[in-house]
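Just so we're aligned: 215 in this note's numbering is position 84 of the sequence shown, and the numbers increase by one with no gaps anywhere.
The beta carbon of each residue, even a glycine, is placed where N, CA and C say it ideally should be.
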Amino acid sequence: MDDLHKFDDIIEQLQEKFTKIGQDTEDHLHGLLHSKPITYWDYIQTDALLNLQIQRTTLPDEMVFIAYHQINELIFKMILWEIQQVAEEENLNIAYFEEKIMRVSRYFDMLTTSFDIMREGMSIEQYMKFRYTLTPASGFQSAQYRMIEFASTELINLIDYRFRKTIDRDTPFEHASEHLYWQAAGKDYKTGKKSTLLVNFEKRYKGDFIRFMQTYNTKNLWSRFKELPEKDQKDEGLIKAMRHFDYTVNITWVMAHYNAARHYIESGTGDGEATGGSDWKKYMHPKYQKRIFFPELWSTDEIENWGNN
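Okay, structure coming up:
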């Protein structure tokens, strides 16, 4: 019975924990008597996860396409989780900021190299068949990726460069959202009419985007960086991490995506168009929109040649 004393400290901590939230410690201890041990498959929800890959065709390589994009979305979730911690950290410092930025960069480094799976891991013949069952859906419609952009930089840096002079901090979010760089890929450039791709996307997510923009308006990564003391903003390690993140997301990863898409779309076996009907080259290639999260960390020459190398 003397061994029970070694649990006294833990019991005291449990009592303190449950008292703070108005709970009875004894009730929770009774619950432990009847709870079952956790298993890997229950904790990870393996069965549910492995039943989310629903093919629209009988072509085997469609499974690769579905699973790959679902993995991307899980990684995007992890990225948003890291950025949120920076956004909400009350005592932000160089070490914490750099650590989180590098975590996010490693996720995007992994996403970049993973495009070999897309480019080399599917039969062109099969892809060019099952892709037609996806119309008008497109990877363009990844809401989490849009949220990563909103959470990374000030909104003006995501506005189509043709309209940046007409938009400032006093511009309503609703109006600004109509001039985001990716809007151009979802509109007929002659008539300005929105494609079904864009209409469906906005119907599902526009309200969420507006609320997210408002939330991250002053606590995105770039805004939080500029809140740091001036001497901290000049820290070489942090600047290097910020530049690496910016370049990785807006050039390296984008170009890997671009080259994978070109491998299939320009294979000569289809119509040369993306599944959603977007002008995919001008939407994806970084040299056209010059998507840059942290513009003040780059030289004029680097910005002018963004995406050309």
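Quiz prompt | Identity of the residue in 397, 339, 308, 381 nearest residue 287 by Cα | solution = Residue 287 has its Cα closest to that of 308, out of 397, 339, 308, 381.
Quiz prompt | Cβ neighbours of residue 407 in the same chain (closer than 6 Å, five flanking residues each side left out) | solution = Because residue 407 sits at a pLDDT of 49, beneath the cut-off of 50, its placement in the model cannot be relied upon, and the point is left open.
Quiz item: Measuring CA to CA, which of 293, 216, 193, 314 is closest to residue 263?
Solution: 193
Quiz prompt | Extent of the continuous alpha helix (DSSP H) run through residue 269 | solution = That residue, residue 269, is in no alpha helix (DSSP H); it is neither H nor E in DSSP.
Quiz item: In terms of alpha-carbon separation, which member of 275, 214, 197 lies closest to residue 188?
Solution: 197
Quiz item: For the alpha helix (DSSP H) that contains residue 245, what are its first and last residues?
Solution: 225 to 251
Quiz item: So what does DSSP say about residue 324, is it helix, strand or coil?
Solution: coil
Practice problem: Give the secondary structure of residue 296 by DSSP, where H, G and I count as helix, E and B as strand, and everything else as coil. | Solution: Three-state DSSP puts residue 296 in a helix.
Practice problem: Indicate whether at least one CB of chain B lies closer than 8 Å to the CB of residue 270. | Solution: The displayed structure is made up of one protein chain only, and chain B is not part of it.
Self-check item: DSSP bridge partner residues for residue 290 (one or two, in chain order)
Solution: 311
Quiz item: Mapping DSSP to helix, strand and coil, what is residue 137?
Solution: helix
Quiz item: With respect to the alpha helix (DSSP H) encompassing residue 182, which residues constitute its N-terminal and C-terminal limits?
Solution: Note, residue 182: premise wrong, no alpha helix (DSSP H); not H, not E.
Self-check item: According to DSSP, residues forming a beta bridge with residue 318
Solution: In the DSSP output, where bridge partners are listed per residue, residue 318 has 325.
Quiz item: Would you call residue 301 buried or exposed, if buried means 16 or more other Cβ atoms sit within 10 Å of its Cβ?
Solution: Residue 301 is classed as exposed because its beta carbon has fewer than 16 other beta carbons within 10 Å across all chains shown.
Quiz prompt | Rounded straight-line distance, which links the Cα of residue 191 to that of residue 256 | solution = 11 Å
Quiz prompt | Cα-Cα separation, residue 325 to residue 348 | solution = 26 Å
Practice problem: Answer yes if the region 348 to 368 comes into contact with the region 245 to 260, meaning at least three C-beta pairs across the two stretches below 8 Å, and no otherwise. | Solution: no
Practice problem: Following the continuous alpha helix (DSSP H) through residue 172, name the residue where it begins and the one where it ends. | Solution: 171 to 175
Quiz prompt | Delimiting residues of the alpha helix (DSSP H) encompassing residue 206 | solution = 193 to 219
Quiz item: In angstroms, rounded to a whole number, what distance separates the CA positions of residue 207 and residue 275?
Solution: 6 Å
Self-check item: Selection from 184, 438, 279 that minimises the alpha carbon distance to residue 200
Solution: 184
Exercise. State yes or no: is the C-beta of residue 310 within less than 8 Å of the C-beta of residue 290?
Key: yes
Quiz item: Would you call the CB atoms of residue 279 and residue 169 closer than 8 Å?
Solution: no
Exercise. Could you round the C-beta distance between residue 373 and residue 425 to whole angstroms and report it? I think they count as a contact, below 8 Å.
Key: 5 Å
Exercise. Indicate the three-state DSSP secondary structure (helix, strand or coil) for residue 374 in the structure shown.
Key: helix
Quiz item: For residue 285, does the count of other Cβ atoms within 10 angstroms reach 16, so buried, or fall short, so exposed?
Solution: Residue 285 counts as buried, since at least 16 other C-beta atoms from the protein chains shown sit within 10 angstroms of its C-beta.
Practice problem: Indicate whether residue 422 and residue 218 have their beta-carbon atoms separated by less than 8 Å. | Solution: no
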